Amino acid sequence: MKKVVVLFVVLSSFLWSCSGDSENGSNQETDALVGTWVAQNIETTGTATFEVLDQNITAPIAGEGYDVDFSLTFSENPNNYTTEGSFGLEISVTYLFQTVSERIDDQEFLGNGTWSKDGNVLTITENGETTVLTISELTNTSLVLTAQETETITEDGLTYESEFDLEVSFVKQ
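Here you go:
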């Protein structure tokens, strides 16, 4: 059970601490990004690998947002972003034929900081910490952000490696 808790901590730290268009296309897409985006859905999938009795165990992880009630606002000159609101995330980990789920309430997405965009790569910085997201979709009314993260954590002599894919969907306010 302790392993499951560590996996939840790894995923939580990824979510909330949280890697070429033409010149004209890039400016148009930046203009489309500026504004307030209301979150509609948040999902994560991944795996965690750890060793038990000299055997590597790989456990699938799935997460689904609930009570998704937050917005993400991008401003220009200066390029700042802010988030308001929160969401919950229900995470399920399956290993050794058991599925364990945990609900994590009142989470914040990305915080507040600065942003830059290069093609479909969105780089955000909060308190000196950089998170790189991919813009999978950007129209005048829809934004989908994705990210991938790999982390290795050692706790109580056990090492866990986790790989996560995150997808967050927004509509423009």
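Taking mature numbering (1 follows the signal peptide of the UniProt record, and there is no 0), I'd label the letters of the sequence shown as residues -22 to -1, 1 to 151.
Think of the CB as a built atom: it goes at the ideal place given N, C-alpha and C, for glycine as much as any other residue.
Small disclaimer: the values here were computed from a predicted structure and weren't measured.
_By alpha-carbon positions, which one of Val122, Glu21, Asp9, Thr36 ends up nearest to Ser140?_
Along the sequence shown, one-based indexing puts residue 140 at 162. The candidate whose alpha carbon is nearest that of Ser140 is Thr36.
_Asp9 in three-state terms, based on DSSP_ = Start at 1 with the first residue of the sequence shown, and residue 9 comes out as number 31. Annotated three-state conformation of Asp9 is helix, per DSSP.
_Given 8 Å, three or more beta-carbon pairs between the stretch 71 to 83 and the stretch 46 to 53_ = With a cut-off of 8 Å, the stretch 46 to 53 and the stretch 71 to 83 do not count as touching, because too few Cβ pairs lie within range.
_Own chain partners of Ala40 with C-beta closer than 6 Å, once the 5 adjacent residues on each side are dropped_ = Numbered from its first residue, the sequence shown carries residue 40 at position 62. If we look at Ala40 and ignore the five residues flanking it on each side, its Cβ neighbours are Thr23, Ser70.
*Where the beta strand (DSSP E) containing Gln85 begins and where it ends*: Here the question's residue 85 lines up with position 107 in the sequence shown. Its beta strand (DSSP E) spans residues 76 to 85.
*What are the uninterrupted segments assigned as beta strand (DSSP E) that are 3 or more residues long and contained completely in the stretch 26 to 114, given in chain order?*
Segments of the beta strand (DSSP E) lying fully in the stretch 26 to 114: 33 to 52, 58 to 73, 76 to 85, 91 to 96, 99 to 104.
_Residues of its chain near Thr8, where Cβ-Cβ distance is below 7 Å and the 5 sequence neighbours each way are ignored_ = One-based indexing of the sequence shown puts residue 8 at position 30. Counting only residues of its own chain and dropping the five nearest sequence neighbours on each side, Thr8 has a CB closer than 7 Å to the CB of Lys95.
*Of all the CB atoms in chain B, is at least one closer than 9 Å to the CB of Thr25?*
Looking at the structure shown, chain B is missing, and only one protein chain is on hand.
*Extent of the continuous beta strand (DSSP E) to which Asp143 belongs*: To locate residue 143, count along the sequence shown from 1; it is residue 165. Residue range 136 to 150 is occupied by the beta strand (DSSP E) that includes Asp143.
*Since I believe Gly91 is in contact with Thr103 (beta carbons under 8 Å), could you give me their beta-carbon distance rounded to a whole number of angstroms?*
For this step, residue 103 is matched to residue 125 along the sequence shown. For this step, residue 91 is matched to residue 113 along the sequence shown. Yes, they are in contact, since the Cβ atoms of Thr103 and Gly91 sit about 5 Å apart, within 8 Å.
_Check whether Thr117 and Ala125 have beta carbons under 9 Å apart_ = Here residue 117 refers to the residue found at position 139 of the sequence shown. Here residue 125 refers to the residue found at position 147 of the sequence shown. No, the Cβ-Cβ distance between Thr117 and Ala125 is not below 9 Å.
*Please classify Thr119: does DSSP put it in a helix, a strand, or coil?*
As a first step, residue 119 must be located in the sequence shown, where it is residue number 141. The answer is coil: DSSP assigns Thr119 none of H, G, I, E or B.
*C-alpha distance - Ser147 paired with Ala17, whole-angstrom precision*: Counting from 1 along the sequence shown, the entry for residue 147 is found at position 169. Counting from 1 along the sequence shown, the entry for residue 17 is found at position 39. Annotation: Ser147 to Ala17 spans about 6 Å, alpha carbon to alpha carbon.
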